[in-house]
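Some notes on the structure that comes next.
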Amino acid sequence: MDVIIGHFGAVALLSPTLPVIDTHCHLLYDGIHERLERVLAEARTAGVSGFVTIATTTSDAVRSAALASEHPDVWCTSGIHPLHAADPISWDDMHRAAQHPKCVAWGELGLDNHYADPPAALQTSVLEEQLTRITAWRKEGLVKPIVIHCRRAVPQLLPILRASGLPADRFVFHCFTETADDARAVLDFGAWISFTGVVTFRSAPEVAAAAKLVPDDRIMCETDAPFLSPEPMRGARPCVPAYVMHTGLFLAALRGTSFDAFERTVDANARRFFSLPESVGRAAITDSASRLA
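So that you can map any letter, position 140 of the sequence shown is 176 in our numbering, and since no number is skipped, the others follow by simple counting.
Following this line, the structure appears as structure tokens:
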């Protein structure tokens with residue numbers, strides 16, 4: 037495997053025939069958006085062939101849809117992050133963004149018990165309202181999977197998701213940072229699990245233990261850029277989509293498989309979960325060198 041040195045540091049360079057998808061990044065966030073073209077170009081050169089940019093507010097969802105319109109290899113979501121539960125909410129904007137042809141999921145939504153603000157009661161209220169509306173919008177034909185944010189909240193969150201009546205296999209718990217027991221509970225519920233650079237941290241052995249438990253057909257890989265740069269880029273600011281390579285390499289070794297085999301598995305999973313085209317982003321890799329020139 038070759039290495040390239042880009043503006044954001046060294047990243048593994050994959051074969052351009054192997055598509056690698058960053059299933060969760062925030063392309064509108066500071067540190068990325070102001071230099072977006074270079075971030076995307078370097079990721080494409082490294083072998084990243086698709087990006088799902090995740091909304092955290094309803095206004096963010098509208099902007100994410102506009103961004104996805106500008107890039108053939110970028111998709112988007114629509115939803116309210118629990119830490120933005122106190123922000124202004126436009127349910128019309130959430131609905132409108134979800135109707136965009138490149139909106140592939142709801143979210144991210146869920147619960148975050150790491151912070152006391154917004155209060156848990158408000159987070160829960162906004163979550164339940166989103167699930168109620170998603171259920172109603174499904175009847176209009178807006179049938180999409182759901183990206184879940186869950187931090188120290190598995191026991192509180194799973195009963196809410198069950199009560200929604202939405203299909204369990206249409207939820208993915210992104211940026212999983214919980215214990216192996218929590219992973220078992222999520223898997224028993226029927227949801228998917230996705231891992232970020234946290235799984236590479238020596239300080240997070242419980243996350244690595246959880247990553248060993250997830251079956252091949254329910255695991256995905258992401259960056260959560262601009263956060264959580266994986267080893268050996270830990271501490272780099274911002275984390276960028278190109279770093280998904282490092283997390284993929286670590287997960288493949290952890291699970292006792294080759295990187296190519298693991299990436300083929302998780303990218304097939306991403307295409308299936310998000311209903312992405314089989315050709316996702318392949319053309320973007322071939323012309324990425326010209327964008328960097």
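In this text, a Cβ means the ideal position worked out from N, Cα and C, and glycines have one as well.
Predicted model, so just to flag it, every value in this text is computed and none were measured.
> Per DSSP, what kind of secondary structure is V276 in: helix, strand or coil?
Replying inline: coil
> Which residue's Cα is closest to the Cα of L285: D224, T236, T168 and V316?
Replying inline: T236
>> For L114 and G292, what's the separation of their Cα atoms in angstroms?
In response: Inspection of the sequence shows that residue 114 is occupied by Ser rather than by Leu. If I take the Cα positions, the gap works out to 35 angstroms.
>> Between Q166 and I116, how many whole angstroms is the CB-CB distance? I'm expecting something under 8 angstroms.
In response: Right, the Cβ-Cβ distance comes to about 6 angstroms (below 8 angstroms), so this counts as a contact.
> Exposed or buried, what is G177 when buried is set at 16 or more other beta-carbons lying within 10 Å of its beta-carbon?
Replying inline: exposed
>> What ranges does the alpha helix (DSSP H) occupy inside the segment 50-98, keeping only unbroken runs of at least 4 residues that lie completely in it?
In response: 72-82
> How long is the line joining the alpha carbons of F207 and D153, rounded to whole angstroms?
Replying inline: So the two alpha carbons sit approximately 25 angstroms from each other.
>> Checking 8 angstroms against the spacing of the C-beta atoms, do A216 and E242 come in under that value?
In response: yes
> Apart from the five residues on each side of it in sequence, which residues of its chain come closer than 8 angstroms, Cβ to Cβ, to L223?
Replying inline: I229, L249, V250, P251 and R254
> Ends of the beta strand (DSSP E) at S265?
Replying inline: Taken as a continuous stretch (DSSP letters only), S265 belongs to no beta strand (DSSP E), as it is neither H nor E.
> Helix, strand or coil for E314 per DSSP?
Replying inline: coil
> Across which residues does DSSP place V183 in a beta bridge pair?
Replying inline: V208
> Alpha carbon to alpha carbon, what distance is there between A157 and P137?
Replying inline: 33 angstroms
> What residue range is occupied by the uninterrupted beta strand (DSSP E) comprising V190?
Replying inline: Looking at the DSSP string, V190 is not in any beta strand (DSSP E); the run it does join, the alpha helix (DSSP H), is V190 to S200.
> Can you list, in chain order, the residues of its chain whose CB lies under 6 angstroms from that of A121, leaving out five sequence neighbours each side?
Replying inline: P154, L158, Q159 and V162
>> Just verifying my parser: in three-state terms, what is the DSSP assignment at E242?
In response: helix
> Under a three-way DSSP split, which group does S126 fall into?
Replying inline: coil
> How would you label T171, buried or exposed, when you count the other beta carbons within 10 angstroms and need 16 or more for buried?
Replying inline: exposed
> In three-state terms, what does DSSP make of T215?
Replying inline: Per DSSP, reduced to three states, the secondary structure at T215 is coil, with no helix or strand assignment.
>> Helix, strand or coil for M269? Go by DSSP, reduced to three states.
In response: coil
>> Among L63, P108 and G146, whose alpha-carbon lies nearest the alpha-carbon of R99?
In response: L63
>> Please classify G201 as buried or exposed, where buried requires at least 16 neighbouring CB atoms within 10 angstroms.
In response: exposed
>> Just to check my reading of the structure: F87 and P274 have Cβ atoms closer than 8 angstroms, yes? What is that Cβ distance to the nearest angstrom?
In response: For a cut-off of 8 angstroms, the C-beta gap from F87 to P274 is around 14 angstroms, too long to register as a contact.
>> Here's a check: name, in chain order, each residue in its chain whose Cβ is nearer than 6 angstroms to the Cβ of C211, leaving out the five neighbours to either side.
In response: T232 and D260
>> Report the CB separation of H69 from I90 in whole angstroms; it is logged as a contact under 8 angstroms.
In response: Going by Cβ atoms, the distance from H69 to I90 rounds to 13 angstroms, so no, they are not a contact pair.
> Rounded to a whole number of angstroms, what is the C-alpha to C-alpha distance between R188 and E214?
Replying inline: 7 angstroms
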